[in-house]
Every structure is written in C-alpha cells, then in structure tokens.
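In our numbering, the protein residues as written are 605 to 735.
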C-alpha cells in the first residue's frame with residue numbers, strides 16, 4: 605500500500621493529538637507538501653520511518669505556518685529612517701538544518717533522517733604506523 609494511502613489527516617491527528625483543532629483539509633494539504641519535501645529521504649527509509657518522516661514534516665509545516673510574527677530569526681536588526689537592515693548567518697551546517705531547527709518536529713525529523721540514512725562507520729583502536 606502506498607504511503608499516501610496509509611497517512612490520512614485522521615491518522616496524523618491520532619499520532620499528533622496537539623493538532624486536533626486544525627481542519628482536516630488543511631492537514632491533508634500539508635501532508636501532500638510534506639511528502640514532496642521529504643521524498644528523497646523516503647527512498648532510503650523503511651515503511652514505518654517513512655511514515656514518521658512525513659508526519660514530522662507535516663507537524664513542522666503546520667507549526668511554522670501558525671507561528672506569529674513571520675520572522676524566523678534571520679533578521680537581526682532593522683530601522684525605518686535611512687533604511688538599515690542587518691541579517692545574521694544561520695548558525696547551522698546549511699539552510700535545510702536551519703529551517704528544520706525552527707521547530708521541535710523539524711529537529712526530530714533531521715535526527716530521524718540522519719540516523720537512518722547515514723551508514724554507521726567503525727573507527728577502532730588508535731592510529732598505528734608501520735615502520
């Protein structure tokens with residue numbers, strides 16, 4: 605069964621009850637967006653992790669869309685007269701990590717993707733030289 609048939613707004617609310625007040629139509633729109641955003645990672649995840657990844661991205665999108673203020677922290681300072689704007693560089697490895705760090709759901713999604721898609725490497729012992 606395809607992933608989009610397993611994840612419904614009702615299932616999302618069951619797994620994330622904090623979004624119970626969100627209209628089902630809005631949740632479905634965000635599920636569709638979430639599938640597009642995480643689709644490259646879904647190919648390397650098993651079925652359960654892929655479903656969780658889409659749910660976490662959906663929760664992340666809903667949270668970002670409902671946050672007030674519109675400023676996600678990049679704008680450091682501004683002024684009106686003589687127009688002065690100061691922007692700060694995101695303190696992360698890249699823009700994806702920065703955007704995901706805006707909510708707890710995004711942080712969990714990055715952790716899920718990184719732990720499930722990056723192969724484990726064994727670094728053993730200490731450095732030995734051959735003479």
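The beta carbon of each residue, even a glycine, is placed where N, CA and C say it ideally should be.
Bear in mind that the values here come from a model prediction, so they are computed numbers and not experimental data.
In this chain, the alpha helix (DSSP H) harbouring residue 642 covers 628-646. Excluding residues up to 5 positions away in sequence, 660, 663, 664 and 667 lie with their Cβ nearer than 7 Å to the Cβ of residue 709 in the same chain. The C-alpha of residue 620 lies about 47 Å from the C-alpha of residue 686. CA-CA distance, residue 718 to residue 635, rounds to 21 Å. In the three-state reduction of the DSSP assignment, residue 670 falls in the helix class. Taking 8 Å as the cut-off, the beta carbon of residue 646 is found closer than this to the beta carbon of residue 657. If you look at residue 613, you'll find it in the alpha helix (DSSP H) that goes 613-619.
When the five nearest sequence neighbours on each side are left out, the beta carbons in the same chain lying within less than 7 Å of the beta carbon of residue 711 are those of 704 and 705, in order along the chain. Each of 702, 701 and 611 was checked against the Cα of residue 654, and the nearest Cα belongs to 611.
A Cβ-Cβ contact shorter than 8 Å links residue 617 with residue 624. Between residue 628 and residue 720, the CB-CB gap reaches or exceeds 8 Å. Per DSSP, the unbroken alpha helix (DSSP H) holding residue 715 starts and ends at 708-721. No residue range can be given for residue 623, since it is assigned to no alpha helix (DSSP H) and is classified by DSSP as neither H nor E.
Excluding residues up to 5 positions away in sequence, 628, 631 and 632 lie with their Cβ nearer than 6 Å to the Cβ of residue 613 in the same chain.
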